[in-house]
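Sequence lines, in order, name chains C and E. The opening position of the first sequence corresponds to residue 1 in this note's numbering, with each subsequent residue numbered one higher. The opening position of the second sequence corresponds to residue 350 in this note's numbering, with each subsequent residue numbered one higher. This report refers to the structure that appears directly beneath it.
2 protein chains.
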Amino acid sequence: MRDDAVTPPDSPSQRLAVAGPPTIRDVARLANVSIGTASKALNAGGRLSKETRENVLRVAREIGYRPNDLAQSLHRAKSRTIGIISNDSFGRFTFPIVEALEERLAEEGIAVFMCNATDDPARERQHLDQLLGKRIDGLVVTARRADKRPPIGPLAHGLPVVYVFSQADDPGALSLLPDDEGGAVLAVAHLATRGRKHIAHVTGPEHFEAVRLRKNGYRATLAEAGLPEIDGFYLSGVWSEAWGREAVAKLFARRERPDAIFCGNDQIARGAVDTLREMGVRVPGDVAIVGFDNWDVMTLAARPPLTSIDMNLNALGREAGDCLLDMIAGEANSGVKRRPCSLVVRESS
Amino acid sequence: MRDDAVTPPDSPSQRLAVAGPPTIRDVARLANVSIGTASKALNAGGRLSKETRENVLRVAREIGYRPNDLAQSLHRAKSRTIGIISNDSFGRFTFPIVEALEERLAEEGIAVFMCNATDDPARERQHLDQLLGKRIDGLVVTARRADKRPPIGPLAHGLPVVYVFSQADDPGALSLLPDDEGGAVLAVAHLATRGRKHIAHVTGPEHFEAVRLRKNGYRATLAEAGLPEIDGFYLSGVWSEAWGREAVAKLFARRERPDAIFCGNDQIARGAVDTLREMGVRVPGDVAIVGFDNWDVMTLAARPPLTSIDMNLNALGREAGDCLLDMIAGEANSGVKRRPCSLVVRESS
DNA sequence: CTGAAAGCGCTAACAA
DNA sequence: TTGTTAGCGCTTTCAG
Chain C
1 MRDDAVTPPD SPSQRLAVAG PPTIRDVARL ANVSIGTASK ALNAGGRLSK
51 ETRENVLRVA REIGYRPNDL AQSLHRAKSR TIGIISNDSF GRFTFPIVEA
101 LEERLAEEGI AVFMCNATDD PARERQHLDQ LLGKRIDGLV VTARRADKRP
151 PIGPLAHGLP VVYVFSQADD PGALSLLPDD EGGAVLAVAH LATRGRKHIA
201 HVTGPEHFEA VRLRKNGYRA TLAEAGLPEI DGFYLSGVWS EAWGREAVAK
251 LFARRERPDA IFCGNDQIAR GAVDTLREMG VRVPGDVAIV GFDNWDVMTL
301 AARPPLTSID MNLNALGREA GDCLLDMIAG EANSGVKRRP CSLVVRESS
Chain E
350 MRDDAVTPPD SPSQRLAVAG PPTIRDVARL ANVSIGTASK ALNAGGRLSK
400 ETRENVLRVA REIGYRPNDL AQSLHRAKSR TIGIISNDSF GRFTFPIVEA
450 LEERLAEEGI AVFMCNATDD PARERQHLDQ LLGKRIDGLV VTARRADKRP
500 PIGPLAHGLP VVYVFSQADD PGALSLLPDD EGGAVLAVAH LATRGRKHIA
550 HVTGPEHFEA VRLRKNGYRA TLAEAGLPEI DGFYLSGVWS EAWGREAVAK
600 LFARRERPDA IFCGNDQIAR GAVDTLREMG VRVPGDVAIV GFDNWDVMTL
650 AARPPLTSID MNLNALGREA GDCLLDMIAG EANSGVKRRP CSLVVRESS
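In structure tokens form, the structure reads like this:
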């Protein structure tokens with residue numbers, strides 16, 4: 001292949017048959033200048049006569065020249081490429097993050113290698129190895145996880161790494177997370193402000209740090225509002241609608257009934273409103289509901305539509321991009337940063 | 350940083366201050382061999398004394414040498430990298446495809462650049478440009494779309510492209526799609542086999558080709574089973590639970606009532622079962638329901654859990670990977686290929 | 001203002 | 001068995 005370029009200037013026949021993409025050599029030859037000159041023209045640098053510059057650019061355009069980033073990267077020792085390793089096979093949480101991150105980096109002309117490790121350390125190693133071979137300028141690690149993860153590695157010294165929606169068990173690492181506790185505060189304060197006095201909390205499994213943090217926020221806000229923490233009003237289960245339904249049945253089997261329920265995610269919340277409706281309990285009239293995640297598939301389809309806490313995953317992804325860019329530029333950064341959630345009010349509260 | 354490894358026995362001062370990752374040169378120097386020899390040793394090729402080979406490998410391991418893929422790619426004129434451009438901002442459909450594709454290609458040591466264009470042609474152009482600069486070996490285009498899309502381009506001649514879950518308006522292109530019509534046949538035949546005689550079809554907007562194809566499958570299967578096509582039993586609306594609820598209300602306001610409903614997606618199906626339950630109609634006793642997409646968030650949370658059609662998106666993604674690999678290897682391929690769906694039976698039918 | 005040439009890290013053909 | 005070298009496509013001095 002690529003047996004053009006070799007055709008000396010005087011050679012009549014230049015079959016471009018199976019040639020690869022045009023190189024700067026091709027441009028230079030066709031524009032009758034040296035390679036160095038062509039390069040200068042294309043990179044808008046150096047002193048050049050307007051004439052030659054324009055000529056080179058014209059030729060380049062005509063033959064569809066596009067610089068080979070591989071060669072450029074080799075020269076610059078910067079690949080303008082980053083990797084992202086995800087462990088979230090479902091993707092509902094990481095997708096918005098990755099999307100925003102990719103968008104942010106695309107603005108800077110940086111491309112993103114996406115790797116899915118699905119919680120398999122061997123696959124993770126393999127992907128990391130490949131990425132290091134590609135000389136990525138930075139790395140993002142993301143996942144839907146219950147708890148801290150072991151730091152990724154080993155990696156080239158000095159490779160910037162950002163953990164997002166995922167926390168590394170390493171104080172030197174930078175982690176970007178939603179403020180789960182603050183989100184819970186938002187939810188419960190909202191309910192309290194609306195005059196609710198008996199606020200329950202139905203949530204997911206306690207081995208999720210997020211569950212523990214949200215519980216803290218819930219309790220702290222009750223205390224702050226001078227509301228009682230009623231025995232049996234905190235229920236930890238799984239992340240499903242079925243659990244939401246079951247939990248509501250449990251809550252209403254007691255003597256003391258809630259007038260509001262803060263749910264650990266929107267699926268639980270939806271299960272809750274469904275059951276309440278079927279029991280003839282009015283939402284929000286008798287019981288107000290707030291969910292978590294602000295997942296439109298749930299919040300908008302529920303009857304009534306759900307008030308929910310939004311983790312602002314897009315913003316999180318974008319900020320991860322910002323951080324990574326800064327770190328690539330040499331800035332140091334570390335620690336666990338939690339970013340605020342927001343309350344989206346709909347008809348369930 | 351990295352002031353290990355580099356200490357050659359005799360060299361006095363070696364400031365490697367800001368040195369990058371170790372190169373093959375470093376390996377060769379430390380192993381006291383030429384670069385060529387080191388290369389041979391590392392690439393397991395050529396004739397070499399066991400001794401030197403092992404020595405080189407040991408040194409390489411010790412200093413954490415990893416070949417620079419950029420340099421390799423430059424030499425080989427193959428980047429072992431492909432791009433994927435997606436227009437699906439939501440990700441529910443494309444994510445399983447991308448995931449499987451990435452996994453398939455990772456098996457071959459090929460990395461994937463992920464680009465999201467969100468249906469903006471300018472962004473698509475920009476991403477494509479960047480990918481071509483990176484000298485990708487192949488391209489995958491994917492999207493959740495109503496209809497054919499304009500072919501992507503312009504691109505380097507001979508760049509293999511696969512459209513998956515998305516069809517290019519270009520007969521020379523290769524498109525991989527689920528067999529929507531066949532999926533509908535599966536659903537309706539299943540209902541007919543169960544003895545249902547009055548089968549309705551509630552589906553999404555008709556500007557989706559998938560909607561039209563599924564409708565064809567529905568009608569053809571009714572005819573085949575000798576069942577009547579009842580006026581008003583085909584309802585086209587939007588892809589939401591609310592529409593599923595509304596449509597069921599419409600269907601049951603008529604004199605002639607269905608004993609089965611084939612729904613265009615699982616959200617519609619869920620809306621349907623919810624309303625039926627609330628109307629006191631038994632599912633599947635009085636009315637059987639079949640959905641489409643086999644989206645567990647819907648099928649498993651519905652009461653009863655939904656029978657649904659699975660488009661096998663993982664298999665589709667994997668096959669896209671296979672096709673791309675073949676095309677990269679030089680094989681020609683084109684046309685629209687539809688891959689079978691499968692029926693997943695649960696309690697709603 | 002333009003050309004020549006070194007070098008980024010690696011492979012492969014050819015010499016020794 | 002090992003070393004030398006040209007070259008992949010590009011940028012960047014340094015000469016002319």
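The beta carbon of each residue, even a glycine, is placed where N, CA and C say it ideally should be. Quantities reported herein were computed from a predicted structural model and do not represent experimental measurements.
What are the start and end residues of the alpha helix (DSSP H) that includes residue i?
i: Met327/C; result: 313 to 328
i: Phe292/C; result: It is not in any alpha helix (DSSP H) - Phe292/C instead sits in the beta strand (DSSP E) that spans 288 to 292.
i: Gly335/C; result: Where Gly335/C is concerned, there is no enclosing alpha helix (DSSP H), although the beta strand (DSSP E) it sits in stretches over 335 to 339.
i: Asp296/C; result: 296 to 299
i: Leu101/C; result: 94 to 107
i: Thr142/C; result: Taken as a continuous stretch (DSSP letters only), Thr142/C belongs to no alpha helix (DSSP H), being part of the beta strand (DSSP E) at 138 to 142.
Can you tell me the Cβ-Cβ gap for residue i and residue j, rounded? I've got them flagged as a contact below 8 Å.
i: Ile431/E; j: Leu454/E; result: 6 Å
i: Val636/E; j: Leu649/E; result: Rounded, the Cβ-Cβ distance is 20 Å, inconsistent with contact.
i: Val112/C; j: Phe444/E; result: That belief does not hold up - the Cβ atoms of Val112/C and Phe444/E are roughly 15 Å apart, past 8 Å.
i: Ser515/E; j: Arg494/E; result: 5 Å
i: Ala143/C; j: Gly317/C; result: Going by Cβ atoms, the distance from Ala143/C to Gly317/C rounds to 13 Å, so no, they are not a contact pair.
i: His157/C; j: Leu343/C; result: Between Leu343/C and His157/C the Cβ distance is about 43 Å, and since that is not below 8 Å, they are no contact.
With burial defined as no fewer than 16 other Cβ atoms inside 10 Å of the residue's Cβ, what is the status of residue i: buried or exposed?
i: Val694/E; result: exposed
i: Thr542/E; result: exposed
i: Thr118/C; result: exposed
i: Ser34/C; result: exposed
i: Met660/E; result: buried
i: Lys427/E; result: exposed
i: Glu62/C; result: exposed
i: Lys399/E; result: exposed
i: Asp266/C; result: buried
i: Arg429/E; result: buried
i: His127/C; result: buried
i: Met676/E; result: buried
i: Gly217/C; result: buried
By Cβ distance below 8 Å, which residues in the same chain neighbour residue i in space, the five residues on each side in sequence not counted?
i: Leu600/E; result: Ala549, Val551, Gly581, Phe582, Leu584, Arg606, Pro607, Ile610
i: Leu397/E; result: Thr386, Lys389, Ala390
i: Leu562/E; result: Asp529, Glu530, Ala533
Quick one: what's got a C-beta closer than 7 Å to residue i's C-beta in the same chain, skipping five residues either side?
i: Glu229/C; result: Arg219, Leu222
i: Ala210/C; result: Asp180
i: Ala522/E; result: Pro500, Val510, Tyr512, Ser683
i: Pro654/E; result: Thr648, Arg695, Glu696, Ser697
List the residues of chain E whose Cβ lies closer than 8 Å to the Cβ of residue i, in chain order.
i: Glu241/C; result: Ala650
i: Arg135/C; result: Pro370, Asn417, Asp418, Leu419
i: Ser73/C; result: Leu419
Could you spell out where the beta strand (DSSP E) holding residue i opens and where it closes?
i: Tyr163/C; result: 161 to 164
i: Gly432/E; result: 430 to 435
i: Ser383/E; result: First-last for Ser383/E: undefined, no H or E at that position.
i: Phe611/E; result: 609 to 612
i: Ala200/C; result: 199 to 203
i: Pro527/E; result: 523 to 527
i: Ala460/E; result: 460 to 465
i: Tyr218/C; result: Where Tyr218/C is concerned, there is no enclosing beta strand (DSSP E), although the alpha helix (DSSP H) it sits in stretches over 209 to 224.
Within the same chain, show all residues whose beta-carbon is closer than 6 Å to that of residue i, passing over the 5 residues directly before and after it, in chain order.
i: His547/E; result: Pro607, Asp608
i: Tyr414/E; result: Pro371, Val376
i: Asp293/C; result: Asn265, Asp266
i: Cys115/C; result: Ile85, His127
Would you mind telling me which residues of chain E sit closer than 9 Å to residue i, beta carbon to beta carbon, in chain order?
i: Arg318/C; result: In chain order: nothing, as chain E lies at least about 13 Å away.
Give the interface partners of residue i over in chain C, defined as CB-CB distance under 8 Å, in chain order.
i: His476/E; result: Ala106
i: Val537/E; result: Within 8 Å Cβ-Cβ: nothing; Val537/E doesn't reach chain C, min ~26 Å.
i: Gly458/E; result: Gln130
i: Val636/E; result: The contacting residues do not exist; Val636/E stays about 19 Å from chain C at best.
List the residues of chain E that residue i touches, going by C-beta distances under 7 Å, in chain order.
i: Leu132/C; result: Arg415
i: Gly91/C; result: Gly440, Phe444
i: Ala173/C; result: Neighbours of Ala173/C on chain E: none; closest Cβ ~17 Å, over 7 Å.
Chain C partners of residue i, CB-CB under 9 Å?
i: Glu451/E; result: Met114, Cys115, Asn116
i: Glu448/E; result: Ser89, Gly91, Asn116, Thr118
Strictly below 7 Å CB to CB, what residues from chain C border residue i?
i: Ala505/E; result: Pro21
i: Ser428/E; result: Leu70
i: Val511/E; result: Those within 7 Å of Val511/E in chain C number zero; the least Cβ separation is about 17 Å.
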